[in-house]
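Trainee:
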Amino acid sequence: MTAALPRASFDVLPIALVPLLALAAWPLVGSSSTWLTLTVAGLAMGMIVFIVASGLTLVFGLMDVLNFGHGVFIAFGAFIATSVLGGLADWTGADSLWLNLAALFPAMLAAMALAAALGWAFERVLVRPVYGQHLKQILITMGGMIIGEELIKAIWGPALIPLSLPQALRGVLALGDASVEKFRLLATGLGAVVLAAMLYTLNRTRLGLLVRAGVQDREMVESLGYPVRTLFVGVFVAGSALAGLGGSLWALYQQGVVPQIGAQLNVLIFIVIIIGGLGSTLGCFVGALLVGLLANYTGFLWPKVALFSNIGLMVAVLLWRPRGLYSVTTW
Amino acid sequence: MTDRLMDRLLSHDLPRSRALALLLAAVLLGLALTPFVFPGTQAMNVAAKVMVFIVLVASFDLLLGYTGIVSFAHTMFFGIGAYGIAIASTRLGPGWLALAVGVAAALAVSLLLSLLIGLFSLRVKAIFFAMITLAVASAFLTLASQLSDWTGGEDGLSFRLPEALSDRRASYYLLFGAALVLVLAMLRIVNSPFGRVLQAIRENDFRAEAIGYRTVVYRTLSNVLSALFATLAGCLLALWLRYNGPDTSLSFEIMLDVLLIVVIGGMGTVYGAVVGSLLFVLAQSQLQNLMALAAPLVGGVPLLSTLVSPERWLLWLGVLFVLSVYHFPNGIVGRLRARRTRQPVQQQKETP
Chain A
0 MTAALPRASF DVLPIALVPL LALAAWPLVG SSSTWLTLTV AGLAMGMIVF IVASGLTLVF
60 GLMDVLNFGH GVFIAFGAFI ATSVLGGLAD WTGADSLWLN LAALFPAMLA AMALAAALGW
120 AFERVLVRPV YGQHLKQILI TMGGMIIGEE LIKAIWGPAL IPLSLPQALR GVLALGDASV
180 EKFRLLATGL GAVVLAAMLY TLNRTRLGLL VRAGVQDREM VESLGYPVRT LFVGVFVAGS
240 ALAGLGGSLW ALYQQGVVPQ IGAQLNVLIF IVIIIGGLGS TLGCFVGALL VGLLANYTGF
300 LWPKVALFSN IGLMVAVLLW RPRGLYSVTT W
Chain B
14 MTDRLMDRLL SHDLPRSRAL ALLLAAVLLG LALTPFVFPG TQAMNVAAKV MVFIVLVASF
74 DLLLGYTGIV SFAHTMFFGI GAYGIAIAST RLGPGWLALA VGVAAALAVS LLLSLLIGLF
134 SLRVKAIFFA MITLAVASAF LTLASQLSDW TGGEDGLSFR LPEALSDRRA SYYLLFGAAL
194 VLVLAMLRIV NSPFGRVLQA IRENDFRAEA IGYRTVVYRT LSNVLSALFA TLAGCLLALW
254 LRYNGPDTSL SFEIMLDVLL IVVIGGMGTV YGAVVGSLLF VLAQSQLQNL MALAAPLVGG
314 VPLLSTLVSP ERWLLWLGVL FVLSVYHFPN GIVGRLRARR TRQPVQQQKE TP
């Protein structure tokens with residue numbers, strides 16, 4: 000009856016950058032075992048950054064809201080996880096993997112749940128009155144960031160809180176000559192699970208279909224009778240929960256938390272979502288991996304350059320594709 | 014006669030509120046007389062900080078309030094100015110030549126950098142510019158602390174000034190004169206035809222483009238101008254402190270302070286910068302004492318006592334910031350002016 004629609008062509012070039020970068024770094028690093036260690040470290044960092052940034056980019060794509068206060072959810076999640084792990088110190092210090100995980104997972108769940116609740120309140124109180132007004136959005140969410148950071152300082156104090164990894168996740172795993180930190184493997188695995196769940200939800204469920212349609216053309220979805228506003232609140236809350244999870248992972252990765260963690264990571268995740276193309280989940284993933292890998296390779300090869308690798312990468316990508324790797328918005 | 018002179022000086026942009034006019038006159042007089050009225054260096058330091066912030070915040074207002082662009086790289090230009098003076102003075106030794114070279118070099122660097130950032134990222138949405146500037150500013154902060162041969166790294170640079178400025182009062186009045194001239198110059202710019210175009214872009218950029226103004230060019234010019242004024246504010250800061258480091262001029266905290274001041278004082282008014290800076294710096298140095306007084310009153314309540322502790326004053330400023338974005342977007346100056354314009358309307362209603 001109807002002619003088959005032409006298949007949408009998939010742009011493989013940006014995603015191919017990740018293995019290309021890894022391969023290009025191999026001869027430069029020299030030894031294969033060091034290269035493997037660095038690659039796993041880079042992937043782990045990229046995965047954590049992806050978990051943190053994915054919610055932000057979806058929120059932007061769906062509702063044209065850029066949340067400069069996203070860092071608050073990260074910081075909040077990190078502190079909650081730190082508190083829970085501190086309370087379960089007996090379990091994290093025990094020499095049993097299962098007890099360690101039994102402490103780790105409640106900590107992550109608590110971080111996600113409370114960050115989600117905070118995200119809901121944030122959307123309700125701060126973001127909702129300023130839809131469609133970019134200037135006010137930037138100012139309000141930045142104000143939310145300031146308030147959040149001060150509240151964290153009021154609750155947990157301004158100083159750094161050290162956080163040690165659970166006993167079973169300390170140390171390294173020997174893969175041939177290469178040594179890989181156990182926690183990084185866990186972070187990579189967790190990131191892969193989040194990515195899979197996210198891709199499944201976005202591409203295989205009705206909900207995801209609506210979200211993707213909303214990202215492409217909000218007004219059309221709205222005029223078909225779907226409650227885009229409710230959908231958006233859901234995405235905002237889910238994004239906050241992911242930020243909380245990412246924050247708890249980042250705290251473990253850095254083995255300590257400071258109240259400024261949110262502001263520090265904000266810059267990084269902005270760079271990632273600019274590289275990926277504002278609103279694109281896949282772009283965010285590729286951008287996060289590129290940033291993580293590049294940071295680790297340059298950190299090993301030229302430590303001074305590593306401090307500027309992110310911004311260099313962003314400039315290079317924008318010169319190549321001014322709207323980011325995968326651009327979904329039409330401006 | 015004096016009225017017309019005043020009108021010319023303020024570029025026909027009068028305070029338009031008696032309370033505001035009185036407040037501004039009081040600030041001017043207070044700053045002019047500080048070295049004589051208040052003894053001690055403490056008062057002069059506070060007054061000098063107020064003046065530097067007035068110039069810095071007014072230059073940010075040029076961008077945020079008049080053109081409607083949010084930049085997070087404003088302290089970068091502030092820092093460039095301060096480092097210009099500091100580096101030139103340490104390299105060339107104390108002297109007027111060093112100061113001139115420092116100011117000129119800082120202005121040149123700021124011009125180039127702001128032009129580049131503007132052309133690179135002002136073509137697209139405001140949000141994109143805000144994010145790019147945030148990234149660039151953080152990279153610059155890292156750069157400044159890494160190039161320790163030039164900038165002194167985290168420790169910063171202490172330097173000496175020419176003999177004539179060794180007297181604190183002399184450098185205070187140099188600062189005072191420069192700040193006054195700079196603020197009047199900015200008032201002149203925003204009330205020129207060019208300034209009107211900027212406001213048109215802020216209100217409706219599509220329409221401004223349709224009328225025939227190249228909005229990209231105007232936005233970039235606004236960005237460059239505000240960067241240059243911020244650079245000069247940085248020069249003033251370095252002149253006063255005779256020291257510069259990353260935390261004094263480049264840190265992100267200062268950027269947030271500037272954002273808070275411009276919104277609370279009143280966006281798009283220039284005078285808001287004056288009122289806001291005064292309140293902010295006074296609050297920074299005095300509010301903590303005040304809150305320390307209030308703290309014992311709520312000492313029994315556990316969470317409340319930490320919330321009103323003097324270290325948490327930024328929290329309340331943040332709340333005030335959010336409230337002012339919602340409820341009085343023109344800030345304190347806007348409130349003062351609104352009261353004046355509302356009164357005649359009420360009188361008209363009563364007369365018939």
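In order, the protein sequence lines correspond to chains A and B. For the first sequence, the working numbering gives the first residue as 0, with consecutive numbering after it. For the second sequence, the working numbering gives the first residue as 14, with consecutive numbering after it. Every residue, glycine too, gets a C-beta built ideally from N, C-alpha and C.
1. CB-CB under 6 angstroms to Leu-282 of chain B, same chain, minus the five flanking residues each way: which ones, in chain order?
2. Any C-beta of chain B sitting closer than 8 angstroms to the C-beta of Ile-310 of chain A?
3. Suppose you measure from the CA of Leu-300 of chain B to the CA of Leu-320 of chain B; what does that come to, to the nearest Å?
4. Does the Cβ-Cβ distance between Ala-71 of chain B and Val-196 of chain B come in under 8 angstroms?
5. In three-state terms, what does DSSP make of Tyr-256 of chain B?
6. Using the rule of at least 16 other Cβ atoms within 10 Å of the residue's Cβ for burial, across every protein chain shown, is Pro-258 of chain A buried or exposed?
7. Does any residue of chain A have a CB that is nearer than 8 angstroms to the CB of Val-332 of chain B?
8. Between Gly-285 of chain B and Val-275 of chain B, is the Cβ-Cβ spacing less than 8 angstroms?
9. Mind reading off the beta-carbon distance from Leu-201 of chain A to Val-210 of chain A? Whole number of angstroms is fine, and I expect it under 8 angstroms.
10. Candidates B:Ile-100, B:Ala-198, B:Gln-212: which alpha carbon is nearest Asp-162 of chain B's?
11. Please list, in chain order, all residues of the same chain as Phe-231 of chain A whose beta carbon is under 6 angstroms from its beta carbon, the five residues on each side excluded.
12. Decide if Glu-148 of chain A is buried, meaning its Cβ has at least 16 other Cβ atoms within 10 Å, or exposed.
13. Buried or exposed: which applies to Met-44 of chain A, given that a residue is buried once 16 or more other Cβ atoms fall within 10 Å of its Cβ?
14. Looking at C-beta atoms only, is the number of pairs between the stretch 119–128 of chain B and the stretch 55–72 of chain B that lie closer than 8 angstroms three or more?
15. By a C-beta neighbour count over all protein chains shown, 10 Å radius and 16 as the cutoff for buried, is Asn-343 of chain B buried or exposed?
16. Are Thr-56 of chain A and Thr-280 of chain A close, meaning C-beta to C-beta below 8 angstroms?
17. Between the C-alpha atoms of Ala-191 of chain A and Leu-184 of chain A, what's the straight-line distance to the nearest angstrom?
18. Please list the residues of the stretch 324–351 of chain B that have a C-beta atom closer than 7 angstroms to any C-beta atom in chain A, keeping them in chain order.
19. Can you pull the chain B neighbours of Glu-333 of chain A, defined as C-beta to C-beta under 8 angstroms?
20. For Gln-360 of chain B, does the three-state DSSP call read helix, strand or coil?
21. Go to Ala-24 of chain A, then tell me how far its beta strand (DSSP E) extends in each direction, as first and last residue.
22. What is the rounded straight-line gap between the Cα of Ala-80 of chain A and the Cα of Glu-221 of chain A?
23. Would you mind reading off the limits of the alpha helix (DSSP H) that contains Ser-53 of chain A?
24. Let me make sure I understand the geometry here. Which of A:Gly-68, A:Ala-109, A:Ala-240, A:Met-46 has the alpha-carbon closest to that of Gly-86 of chain A?
25. How about Pro-26 of chain A: is its C-beta nearer than 8 angstroms to some C-beta of chain B?
26. If distances are taken between C-alpha atoms only, which option among B:Ala-191, B:Ile-93, B:Trp-109 comes closest to Leu-126 of chain B?
27. Pairing CB atoms from the stretch 243–251 of chain A with CB atoms from the stretch 283–299 of chain A, are three or more of them under 8 angstroms?
28. Give me the DSSP bridge partner(s) of Leu-172 of chain A.
29. Compute the Euclidean distance between the alpha carbons of Ala-3 of chain A and Phe-9 of chain A, then round it to the nearest angstrom.
30. Assuming the contact rule is C-beta atoms closer than 8 angstroms, Gly-278 of chain A and Phe-59 of chain A should be a hit. Round their C-beta distance to whole Å, please.
31. Closer than 8 angstroms, CB to CB, is Gly-188 of chain A near chain B or not?
32. So is Ile-273 of chain A in contact with chain B if we call contact Cβ pairs under 8 angstroms?
33. Hey, quick one: how far does the alpha helix (DSSP H) through Ser-127 of chain B stretch, first residue to last?
34. Go through its chain and collect everything with a Cβ distance to Met-107 of chain A's Cβ below 7 angstroms, but skip five positions before and after it.
35. Gly-289 of chain B: which of B:Leu-27, B:Glu-266, B:Val-63, B:Leu-35 sits nearest, CA to CA?
36. For Val-335 of chain B versus Gly-142 of chain A, is the C-beta spacing smaller than 8 angstroms?
Mentor: The relevant details are as follows:
1. Mapped onto the second sequence, residue 282 of chain B falls at position 269. As written in the sequence, residue 282 of chain B is Thr, which differs from the Leu given in the question. Contacts found: Val-346.
2. Here the question's residue 310 of chain A lines up with position 311 in the first sequence. True, the Cβ-Cβ gap to chain B drops below 8 angstroms.
3. Looking up residue 300 of chain B in the second sequence gives position 287. Looking up residue 320 of chain B in the second sequence gives position 307. So the two alpha carbons sit approximately 14 angstroms from each other.
4. As a working note, residue 71 of chain B is residue 58 in the second sequence. As a working note, residue 196 of chain B is residue 183 in the second sequence. Yes, the pair counts as a contact, with Cβ atoms nearer than the cut-off.
5. Counting from one through the second sequence, the residue named residue 256 of chain B turns up at place 243. Note: Tyr-256 of chain B maps to strand in three-state DSSP.
6. Counting from one through the first sequence, the residue named residue 258 of chain A turns up at place 259. Flag for Pro-258 of chain A reads buried.
7. Within the second sequence, the letter at position 319 stands for residue 332 of chain B. Val-332 of chain B counts as touching chain A.
8. By 1-based counting over the second sequence, the position of residue 285 of chain B is 272. By 1-based counting over the second sequence, the position of residue 275 of chain B is 262. Their beta carbons are under 8 angstroms apart, which means Gly-285 of chain B touches Val-275 of chain B by this criterion.
9. Translated into positions along the first sequence, residue 201 of chain A becomes position 202. Translated into positions along the first sequence, residue 210 of chain A becomes position 211. Contact holds; Cβ gap of about 6 angstroms.
10. As a working note, residue 162 of chain B is residue 149 in the second sequence. It is B:Ile-100 whose Cα lies nearest to the Cα of Asp-162 of chain B.
11. The residue you call residue 231 of chain A lines up with position 232 of the first sequence. Within its own chain, the residues whose Cβ lies closer than 6 angstroms to the Cβ of Phe-231 of chain A, once the five positions on either side in sequence are excluded, are Leu-61, Met-62, listed in chain order.
12. Residue numbering aside, residue 148 of chain A sits at position 149 when the first sequence is read from its first letter. The residue in question, Glu-148 of chain A, is buried, as its Cβ has 16 or more Cβ neighbours within 10 Å.
13. What you label residue 44 of chain A is simply residue 45 of the first sequence in a count that begins at 1. Met-44 of chain A is buried by the Cβ-count criterion.
14. As far as the Cβ criterion goes, the stretch 119–128 of chain B does not touch the stretch 55–72 of chain B, which means the pair count is below three.
15. Numbered from 1 along the second sequence, position 330 holds the residue referred to as residue 343 of chain B. Result: buried.
16. As a position in the first sequence, residue 56 of chain A is number 57, starting the count at 1. As a position in the first sequence, residue 280 of chain A is number 281, starting the count at 1. Their beta carbons are under 8 angstroms apart, which means Thr-56 of chain A touches Thr-280 of chain A by this criterion.
17. Sequence index remark: in the first sequence, residue 191 of chain A carries index 192 (1-based). Sequence index remark: in the first sequence, residue 184 of chain A carries index 185 (1-based). Cα-Cα distance, rounded: 11 angstroms.
18. So the list reads Arg-325, Leu-327, Leu-328, Gly-331, Val-332, Phe-334, Val-335, Val-338, Tyr-339, given in the order they occur along the chain.
19. Missing from the structure shown is residue 333 of chain A; chain A here goes from 0 to 330 and no further.
20. Translated into positions along the second sequence, residue 360 of chain B becomes position 347. Low confidence applies here, because Gln-360 of chain B scores a pLDDT of 43, under 50, leaving its location unreliable and the question unanswered by this model.
21. Counted from its first residue, the first sequence places residue 24 of chain A at position 25. Not the beta strand (DSSP E): Ala-24 of chain A falls in the alpha helix (DSSP H), residues 12–28.
22. Residue mapping note: residue 80 of chain A aligns to position 81 of the first sequence, counting from 1. Residue mapping note: residue 221 of chain A aligns to position 222 of the first sequence, counting from 1. Roughly 38 angstroms separates the two Cα atoms.
23. Counted from its first residue, the first sequence places residue 53 of chain A at position 54. Here the alpha helix (DSSP H) through Ser-53 of chain A covers 31–62.
24. Position 87 of the first sequence holds residue 86 of chain A. Comparing Cα-Cα distances from Gly-86 of chain A to each of A:Gly-68, A:Ala-109, A:Ala-240, A:Met-46, the minimum goes to A:Ala-109.
25. The residue you call residue 26 of chain A lines up with position 27 of the first sequence. Not one chain B Cβ lies under 8 angstroms of Pro-26 of chain A.
26. Numbered from its first residue, the second sequence carries residue 126 of chain B at position 113. When only C-alpha atoms are compared, the closest one is B:Ile-93.
27. The way I'd put it, the stretch 243–251 of chain A doesn't touch the stretch 283–299 of chain A; fewer than three beta-carbon pairs between them come closer than 8 angstroms.
28. Along the first sequence, one-based indexing puts residue 172 of chain A at 173. Partner(s): A:Val-179.
29. Here residue 3 of chain A refers to the residue found at position 4 when the first sequence is read from its first residue. Here residue 9 of chain A refers to the residue found at position 10 when the first sequence is read from its first residue. The alpha-carbon atoms of Ala-3 of chain A and Phe-9 of chain A are separated by roughly 17 angstroms.
30. As a first step, residue 278 of chain A must be located in the first sequence, where it is residue number 279. As a first step, residue 59 of chain A must be located in the first sequence, where it is residue number 60. Going by Cβ atoms, the distance from Gly-278 of chain A to Phe-59 of chain A rounds to 5 angstroms, so yes, they are a contact pair.
31. Numbered from its first residue, the first sequence carries residue 188 of chain A at position 189. It does not; no Cβ of chain B falls within 8 angstroms.
32. Counting from one through the first sequence, the residue named residue 273 of chain A turns up at place 274. Yes, contact with chain B.
33. Position 114 of the second sequence, counted from the first residue, corresponds to residue 127 of chain B. 109–134 is the span of the alpha helix (DSSP H), which, as asked, contains Ser-127 of chain B.
34. Counted from its first residue, the first sequence places residue 107 of chain A at position 108. Within the same chain, Met-107 of chain A has close Cβ partners Ala-80, Leu-244, Ser-247.
35. Within the second sequence, residue 289 of chain B is the residue found at index 276, counting from 1. For Gly-289 of chain B, the nearest C-alpha among the options comes from B:Val-63.
36. The residue given as residue 335 of chain B occupies position 322 in the second sequence. The residue given as residue 142 of chain A occupies position 143 in the first sequence. In this structure, Gly-142 of chain A lies closer than 8 angstroms to Val-335 of chain B by Cβ.
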